[in-house]
């Protein structure tokens, strides 16, 4: 299976992940949330796997610009609804290797993930 890298093309962290994959000769498919959105079932599975608190990017400007009422008393359902409406609120990148996923980018995490895949 060819891994899928989920993110936003203009994101600096996604650019670092893409550069790492290219430098290490790793083929992948890029899925841009801004262009293709995200399926509710896939997002729900990520929330089940990682927890909504890790999947929701509360540090980004999109989340910070939300009205206060939308940012308080969050739970998994409300967080998923926000991320489906505005996918730029999803933590990025997310690398899907088929049998496991890596949320965020750190070179050592990618190295370990591809070592395990070998």
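In my numbering, the protein residues as written are 329 to 446. In this text, a Cβ means the ideal position worked out from N, Cα and C, and glycines have one as well.
Where does residue 369 land, buried or exposed, given buried means 16+ other C-beta within 10 angstroms?
-> Exposure of residue 369 is indicated by the presence of fewer than 16 other C-beta atoms within 10 angstroms of its C-beta.
Roughly how many whole angstroms lie between the Cα atoms of residue 335 and residue 407?
-> Distance between the alpha carbons of residue 335 and residue 407 is about 17 Å.
Mind listing, in chain order, the continuous beta strand (DSSP E) runs of no fewer than 3 residues lying wholly within the region 383–411?
-> Secondary structure in the region 383–411: no beta strand (DSSP E) run of 3 residues or longer lies completely within the stretch.
Residue 433 (DSSP reduced to helix, strand or coil) = Of the three classes helix, strand and coil, the one that applies to residue 433 here is coil, per DSSP.
How is the beta strand (DSSP E) around residue 335 delimited, first residue to last?
-> In the DSSP assignment, residue 335 falls within the unbroken beta strand (DSSP E) covering 332–335.
Helix, strand or coil at residue 427 [DSSP, three-state] = Reduced to three states, the DSSP call for residue 427 is coil.
Look at the alpha carbon of residue 405 and the alpha carbon of residue 363, and state the distance between them as a whole number of angstroms.
-> C-alpha separation (whole angstroms): 23 Å.
Do residue 366 and residue 415 come within 8 Å of each other at the CB atom, strictly closer than that value?
-> Going by C-beta atoms, residue 415 is nearer than 8 Å to residue 366.
Cβ of residue 353 within 8 Å of any chain B Cβ = Within the model displayed, chain B is absent; a lone protein chain is all it includes.
Return the residue from the list 411, 393, 354 and 396 that minimises the CA-CA distance to residue 382.
-> With distances taken between Cα atoms, residue 382 lies closest to 411.
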